[in-house]
Amino acid sequence: MSFINYAAREINCKLVYYGAGLCGKTTNLQHIYKKVDPGAKGKLISLATETERTLFFDFLPLELGTIRGFKTRFHLYTVPGQIFYEASRKLILKGADGVVFVADSQLERMEANIQSLADMRQHLTEQGIEPTKIPLVIQYNKRDLRNAVPIDELQKALNPRNLPWFEAIAPQGVGVFETLKAISKIVLQELQKKT
Amino acid sequence: MRPLSDLVIYEEDLSRIIACLSALQQKARSAATLLIDTSGQLIASAGETGRLDMTPLASLAAGSIAAAGALAQLLGEKEFSFVFYDGERKRLHLSVIGGRAILLVLLDQHSAVALVRLQVKKVSRDMEDIFRDLSRRPTPVAGEGPSRSRIGEITDADVDNLFNKG
Numbered sequence: 010m011s012f013i014n015y016a017a018r019e020i021n022c023k024l025v026y027y028g029a030g031l032c033g034k035t036t037n038l039q040h041i042y043k044k045v046d047p048g049a050k051g052k053l054i055s056l057a058t059e060t061e062r063t064l065f066f067d068f069l070p071l072e073l074g075t076i077r078g079f080k081t082r083f084h085l086y087t088v089p090g091q092i093f094y095e096a097s098r099k100l101i102l103k104g105a106d107g108v109v110f111v112a113d114s115q116l117e118r119m120e121a122n123i124q125s126l127a128d129m130r131q132h133l134t135e136q137g138i139e140p141t142k143i144p145l146v147i148q149y150n151k152r153d154l155r156n157a158v159p160i161d162e163l164q165k166a167l168n169p170r171n172l173p174w175f176e177a178i179a180p181q182g183v184g185v186f187e188t189l190k191a192i193s194k195i196v197l198q199e200l201q202k203k204t
Numbered sequence: 002m003r004p005l006s007d008l009v010i011y012e013e014d015l016s017r018i019i020a021c022l023s024a025l026q027q028k029a030r031s032a033a034t035l036l037i038d039t040s041g042q043l044i045a046s047a048g049e050t051g052r053l054d055m056t057p058l059a060s061l062a063a064g065s066i067a068a069a070g071a072l073a074q075l076l077g078e079k080e081f082s083f084v085f086y087d088g089e090r091k092r093l094h095l096s097v098i099g100g101r102a103i104l105l106v107l108l109d110q111h112s113a114v115a116l117v118r119l120q121v122k123k124v125s126r127d128m129e130d131i132f133r134d135l136s137r138r139p140t141p142v143a144g145e146g147p148s149r150s151r152i153g154e155i156t157d158a159d160v161d162n163l164f165n166k167g
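Chains as they are written, first to last, in my numbering: chain A, 10 to 204; chain B, 2 to 167.
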């Protein structure tokens with residue numbers, strides 16, 4: 010959970026990008042890393058296989074500035090999307106303050122999206138986090154592909170609660186910062202309620 | 002059990018934690034000591050930390066401990082009490098304190114592992130006392146906490162400003 014260090018006047022929040030394999034979680038972090046000012050970011054750490062599939066997690070620390078005199082840090086994580094890394098996904102959700110669910114818009118990945126969403130809810134519960142209470146935004150990625158499912162169908166299948174959602178083409182950066190900004194805003198508002 | 006990072010830590014609490022870390026660093030003759038939340042956030046540090054990139058260090062240490070814990074469960078163990086990395090010049094000793102936090106000790110060629118293990122055990126007990134005190138403190142009711150715990154009104158403009166600078 011978010012750690013507020015009153016002595017050092019720092020707020021630290023953990024944001025997790027969750028979703029099925031190859032949906033674009035790591036691409037989101039890579040784009041953020043590429044675009045953020047060098048002074049505002051740490052190293053992008055990727056624990057990946059030789060074929061660049063995420064093995065454990067990617068990690069990107071961001072320190073974008075101060076809010077009300079508190080240095081505000083976001084720690085961005087991705088989970089490994091492939092089905093057999095289930096145990097790792099559960100570990101990474103520990104202490105998450107907010108989740109971005111990255112959905113692959115392609116028709117043939119609908120089943121994988123639905124399964125991943127169910128898997129996320131289960132793992133959040135196992136980590137003692139109420140799935141309907143944690144800040145969550147949905148990103149519909151790969152909107153540029155010809156086989157992309159219409160948004161209203163994705164919404165019906167993946168977002169019945171009508172949570173904030175964004176269309177994205179992560180390799181081009183479309184929708185990437187809009188998604189990050191939205192989840193950051195909700196997490197900080199939640200944090201404010203708690204204090 | 003509430004994670005350490007879910008507790009409100011004030012300046013005096015942090016001073017107690019840093020005093021423990023400093024004592025451990027000196028008595029164990031280690032290079033540096035870090036206290037990390039199990040979710041990967043750095044809480045405090047002591048010793049020669051100037052050249053350390055502590056944010057990813059904390060994140061990776063938490064990942065390592067989480068993986069070790071999951072491995073232990075798979076094998077029917079409650080937990081593995083510590084994780085040790087042995088390099089040519091640097092060594093890392095990671096252990097969990099009271100299920101809430103990770104104690105990282107960075108050793109160099111001059112540190113004796115047996116001494117580190119002994120001192121880690123001693124300081125872990127002191128740390129657990131601190132965590133117990135913190136967890137007994139009543140959680141401030143939203144919006145009614147002591148004034149020093151208030152961050153104040155976070156507006157949409159505050160968040161926009163963060164990203165506009167990036």
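Cβ coordinates follow ideal geometry from the N, Cα and C atoms, glycine included.
Quantities reported herein were computed from a predicted structural model and do not represent experimental measurements.
Next item on the list: Please work out which residues of its chain come closer than 6 Å, Cβ to Cβ, to residue 86/A, disregarding the five sequence neighbours upstream and downstream, and give them in chain order.
Entry: Same-chain partners within the cutoff: 25, 66, 68 and 101.
Notebook entry, point to check: Is DSSP giving residue 169/A helix, strand or coil here?
Noted result: Reduced to three states, the DSSP call for residue 169/A is coil.
Next item on the list: Taking only beta-carbon positions, decide if residue 172/A is within less than 8 Å of chain B.
Entry: So no, residue 172/A is outside the interface.
Note to self: Between the alpha carbons of residue 91/A and residue 84/A, how many angstroms are there, rounded?
What the structure shows: Distance between the alpha carbons of residue 91/A and residue 84/A: 22 Å.
Next item on the list: Would you decide whether residue 171/A is buried or exposed? Buried here means 16 or more other CB atoms lie within 10 Å of its CB.
Entry: By the 10 Å Cβ count, residue 171/A comes out exposed.
Item checked: Anticipated Cβ contact below 8 Å, residue 118/A with residue 29/A, distance rounded -> Yes, they are in contact, since the Cβ atoms of residue 118/A and residue 29/A sit about 6 Å apart, within 8 Å.
Check: Cα separation between residue 18/B and residue 157/A?
Finding: Rounded to the nearest angstrom, the two C-alpha atoms are 52 Å apart.
Margin query: Taking beta-carbon pairs under 7 Å, can you tell me which members of the region 14-40 of chain B lie near chain D?
Written below: Structure shown: chain D not included; protein chains present are A and B.
Check: In terms of residue numbering, what span does the beta strand (DSSP E) encompassing residue 42/B cover?
Finding: No beta strand (DSSP E) holds residue 42/B; DSSP gives it neither H nor E.
Check: Could you give the distance in angstroms between the alpha-carbon of residue 80/A and the alpha-carbon of residue 77/B?
Finding: Computed Cα separation, rounded: 42 Å.
Check: Mapping DSSP to helix, strand and coil, what is residue 38/A?
Finding: Under the three-state reduction of DSSP output, residue 38/A falls in the helix class.
Next item on the list: Helix, strand or coil for residue 122/A, going by three-state DSSP, please let me know.
Entry: It is helical.
Margin query: Distance check for residue 21/A and residue 146/B, CA to CA, integer angstroms please.
Written below: Low local confidence applies: a pLDDT of 45 at residue 146/B is under 50, so the model's placement there is unreliable, and no value is given.
Note to self: To be precise: take each residue of the region 78-107 of chain A, compare its Cβ to all Cβ atoms of chain B, and keep it if any distance is under 7 Å. Which residues remain?
What the structure shows: If the cut-off is 7 Å between Cβ atoms, the region 78-107 of chain A has 79, 81, 84, 96, 100, 103 and 104 near chain B.
Item checked: Under 8 Å by beta carbon: chain A residues contacting residue 46/B -> Those do not exist, as residue 46/B stays about 11 Å from chain A at its closest Cβ, beyond 8 Å.
Next item on the list: In the DSSP assignment, find the unbroken beta strand (DSSP E) run with residue 96/B in it and report its ends.
Entry: Counting along the chain, the beta strand (DSSP E) containing residue 96/B begins and ends at 92-98.
Item checked: Members of the region 49-81 of chain A near chain B, C-beta cut-off 7 Å -> Taking 7 Å as the Cβ-Cβ cut-off against chain B, the residues of the region 49-81 of chain A that qualify are 49, 51, 52, 54, 65, 66, 68, 70, 73, 74, 76, 77, 79 and 81.
Check: If you draw a straight line from the C-alpha of residue 107/B to the C-alpha of residue 159/A, how long is it?
Finding: Spanning the two alpha carbons is a distance of roughly 53 Å.
Check: At a Cβ threshold of 8 Å, is residue 42/A touching chain B?
Finding: Residue 42/A does not count as touching chain B.
Checklist line | residue 147/A - partner residues in DSSP beta bridges | finding: Residue pairing by DSSP places residue 147/A opposite 110/A and 174/A in a beta bridge.
Next item on the list: Leaving aside the five residues before and after residue 83/B along the sequence, list all residues of the same chain whose C-beta is less than 7 Å from its C-beta, in chain order.
Entry: Contacts found: 94, 95 and 96.
Check: Among 104/A, 162/A and 124/A, which has the Cα closest to the Cα of residue 93/A?
Finding: When only C-alpha atoms are compared, the closest one is 124/A.
Note to self: Closer than 8 Å is the cut-off here; do at least three beta carbon pairs connect the region 38-58 of chain B with the region 125-137 of chain B?
What the structure shows: Judged by Cβ distances under 8 Å, the region 38-58 of chain B makes no contact with the region 125-137 of chain B, as fewer than three pairs qualify.
Notebook entry, point to check: Buried or exposed: which applies to residue 120/A, given that a residue is buried once 16 or more other Cβ atoms fall within 10 Å of its Cβ?
Noted result: Around the beta carbon of residue 120/A, a 10 Å sphere encloses fewer than 16 other beta carbons of the protein chains shown; the residue is thus reported as exposed.
Next item on the list: Indicate the three-state DSSP secondary structure (helix, strand or coil) for residue 136/A in the structure shown.
Entry: Residue state, collapsed to three classes: coil.
Note to self: Below 7 Å on C-beta distance, what does residue 125/A contact in chain B?
What the structure shows: Under the 7 Å cutoff, chain B gives no residues; its nearest Cβ is about 20 Å from residue 125/A.
Next item on the list: Indicate whether at least one CB of chain B lies closer than 8 Å to the CB of residue 37/A.
Entry: It does not: the Cβ of residue 37/A has no partner Cβ on chain B nearer than 8 Å.
Checklist line | C-alpha distance - residue 115/A paired with residue 147/A, whole-angstrom precision | finding: The C-alpha of residue 147/A is placed about 15 Å away from the C-alpha of residue 115/A.
Notebook entry, point to check: What separation, rounded to the nearest whole angstrom, lies between the Cα atoms of residue 78/A and residue 12/A?
Noted result: Cα to Cα, the separation comes out at about 15 Å.
Note to self: Among 103/B, 20/B and 111/B, whose alpha-carbon lies nearest the alpha-carbon of residue 92/B?
What the structure shows: Cα-wise, what sits closest to residue 92/B is 111/B.
Next item on the list: Just the chain A side, please: which residues come within less than 7 Å of residue 56/B by C-beta, in chain order?
Entry: Those within 7 Å of residue 56/B in chain A are 51 and 70.
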